[in-house]
Amino acid sequence: MRNSLVILFILSILSLASCREDFTFEPSNGGLEFSKDTIYFDTIFTGISSSTYTLKVYNKSNKDIRISQIKFAKGLESKYRMTVDGMTGTNNRIFENVEMLAKDSMYIFIETTVDIAEANPSDFLYTDQIEFGSATSFQKVELVTLIQDAYFLYPQRFDNGTTETLPIREDEIFGFYLDENDPINGNEYVWNNSKPYVIYGYAAVPSNKTLTVEAGARIHFHAESGIIVGNNASMQVNGLPSANPDDFYENRVVFEGDRLEPLYENVPGQWGTIWLTQGSKNNLFTNCLIKNGTFGLYVTGNTSLTNSEADVTLTNVEFYNHSNFGILAQTGYITGKNVVINSAGQAALACTYGGKYNFNHSTFNNNWSSSKQLSVLLNNYIEGAIPEIQPMVEATFTNCLIYGSNQIQFIIDKKDDPNFNYKFDHCLIRFNNVNNVFSNNPLYQFATDVTHYENCLIAVNSAVFRPSFFDVNSNQLIIGDDSAARGQANYIYSTGTKDITDRTRENPSDIGAYNFVTFEED
């Protein structure tokens, strides 16, 4: 009896369901509404895919409708692609009989990859429309993309299907050697400012060659790409100060990733590094910006730290938003003036495995969102290396500002070696000796150790000796007129110099890379 009742109940439900009318979709009468009437794509390089953009479509009527067609005006020839509510249609370009319920909405996702040859020759814009409806009656949304031409440098692809690689130690990496007589780019050892350079893989400078980067050049790296300067090779970056007060980077050289959208403006880890290998020499970086890499600059090894010239000389160089290090040196020889490093996943500046370093009027700050990051690390060993310890011949910091969001922004990681020489002269250093952990450590006797610390300002908390940066989150580390660094530098190291913005240093001079300014209130 119970089973009979259950079966009767199910049959009754099915009978009621069979009486319900099916949904009836009427042809769309053109009453759709859109989240945007024009979608402006951010600038992209020729041949490189854009980000994905979103369009929301609304059916605000009380009727279920059927859109006869959603397509690009250029049809299957369009360089745009889209998905409509997850559907791909015909080659992501044409969609037939798309249904929408009453009071419902749907998402359309659009992207493009287009060559500059297909853009309008007068303004380099590539345009199209998304059409909703029939061929005789449709609504439209405009699409506009600005295409930028560039020099593209990348590994060769050989007839046997393999791709050019570079031998690095015991491995091979995706990369290529620059060519003096490239059939498309010409002399690849001179990068100018006529149009940007886009690098795929690692561009290598071989022995006895020099890569020269001229003022105003823009260098963009694809993911896992960079530059390698080999033994006896050199890299000369010849940026200039800007003559335009409204464009600080007009004549400076900029190294960054190849995504031009604002979303990627300050995203770390978009590319690899500029690697100055052991034996590279006479490397010079002047008036340039290096941002959004893994290591901004990687300096490995020096055959003789008694050389009269450094592996690399840095003047007016900025490093921002690197996922590991702004500068990582291992037994390197670096001299720097007006160097600014902000935001790095491990350390802004890491002088490791010994070496020789001299920085004057430089600013090292780290506000990375973790509890372990540093601004400056000094170290003289690598576990398991042969030899395990290298001498720290010199680590001299004069008129430098070392700060950040963590309590301690400066660490000496030293294994026993009498040849470990360091000196901080007229520096502002954030170092809060929490729980007196370092009170008896001979490496951090700021008040009494005049051999290693001379007239340094030690910020033991965020209220003492504040640098008063303008905006660290926007990489604007210029100091205000209320900064503790104002007028506290040793003018002996300032005489005849300018700050990173090309302003003459007055006496008394300011600690760090910037002369102070008076910030205007909003």
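Its first residue numbered 36, the sequence shown is counted upward by one per residue in this note's numbering. Beta carbons are placed, not taken as given, at the ideal position from N, Cα and C, and that holds for glycine. Predicted model, so just to flag it, every value in this text is computed and none were measured.
Considering only the beta carbon of each residue, do residue i and residue j sit closer than 8 Å?
| i | j | result |
| --- | --- | --- |
| G389 | V428 | yes |
| Y438 | L463 | yes |
| Y558 | G236 | No answer is possible for residue 558: the residues shown for the chain start at 36 and end at 557. |
| L213 | E199 | no |
| T81 | I143 | no |
| S358 | G304 | yes |
| T348 | T366 | no |
| L201 | A239 | yes |
| V149 | Y161 | yes |
| D346 | L295 | no |
| I417 | A385 | no |
| I514 | S503 | yes |
By the DSSP assignment, the beta strand (DSSP E) with residue i in it spans what residues?
| i | result |
| --- | --- |
| K106 | 100-107 |
| C386 | 382-395 |
| C323 | 318-326 |
| D460 | 458-460 |
| G371 | 360-379 |
| N351 | 347-357 |
| L409 | 409-414 |
| D163 | 160-168 |
| G210 | 206-212 |
| T433 | 427-433 |
If we count the other Cβ atoms within 10 Å of its Cβ and call it buried at 16 or more, is residue i buried or exposed?
| i | result |
| --- | --- |
| E215 | exposed |
| P422 | exposed |
| F551 | buried |
| D517 | exposed |
| K138 | exposed |
| R37 | Note that R37 scores 49 on pLDDT, short of 50, meaning its location in the model is unreliable; the coordinates nonetheless yield the value given after this. So R37 ends up on the exposed side. |
| G265 | buried |
| E353 | buried |
| N97 | exposed |
| P62 | exposed |
| V288 | buried |
| I105 | buried |
| T530 | exposed |
Which residues in the same chain have their Cβ closer than 7 Å to the Cβ of residue i, if we skip the five residues on either side of it in sequence?
| i | result |
| --- | --- |
| N373 | T350, N351, H396, S397, D534, I535, A548 |
| Q174 | G65, L67, F167, G168 |
| I208 | T200, L201, Y237 |
| Y526 | N542, P543, S544 |
Once the 5 residues before and after residue i are set aside, which same chain residues still bring their CB inside 6 Å of it?
| i | result |
| --- | --- |
| R116 | N127, E146 |
| I254 | Y232, F290 |
| K326 | E291, Y355, N356 |
| I447 | L413, L478 |
| D79 | Per the sequence shown, residue 79 should be read as Ile rather than Asp. Contacts found: S85. |
| I234 | L188, F256, S260 |
| F459 | F432, Y488, C491 |
| T247 | V225, Q271 |
| Q313 | T335, G336 |
| F76 | S85, T180 |
| T118 | F144 |
| S440 | N402 |
Between the C-alpha atoms of residue i and residue j, what's the straight-line distance to the nearest angstrom?
| i | j | result |
| --- | --- | --- |
| N508 | A379 | 12 Å |
| D537 | G66 | 59 Å |
| N402 | L512 | 12 Å |
| T73 | D281 | 30 Å |
| G210 | A258 | 12 Å |
| M141 | M135 | 8 Å |
| N542 | G251 | 32 Å |
| N155 | F554 | 44 Å |
| K91 | F69 | 6 Å |
| S315 | Y368 | 11 Å |
| D506 | I219 | 43 Å |
| R521 | N227 | 38 Å |
| T539 | D545 | 11 Å |
| F500 | N475 | 23 Å |
| T59 | T87 | 33 Å |
| N456 | T483 | 17 Å |
| E56 | K95 | Any reading at E56 must be qualified, since the residue scores a pLDDT of 47, below 50, and its modelled position is unreliable; no value is offered. |
| N415 | N496 | 28 Å |
| L436 | N400 | 8 Å |
| A52 | S172 | The predicted position of A52 is uncertain, since its pLDDT is 44 and thus under 50; no value can be drawn from it. |
| S157 | Y284 | 26 Å |
| G419 | F394 | 29 Å |
| I424 | K450 | 7 Å |
Kindly say whether residue i, judged by its beta-carbon, lies nearer than 8 Å to any beta-carbon of chain C.
| i | result |
| --- | --- |
| A379 | Included in the structure is just one protein chain, with no chain C present. |
Could you pull out every residue in the same chain whose Cβ sits closer than 8 Å to the Cβ of residue i, ignoring the five residues on either side in sequence?
| i | result |
| --- | --- |
| N286 | A250, G251, G274, L275, P276, S277, A278, N322 |
| K71 | L90, V176 |
| L111 | T125, N126, R128, I129 |
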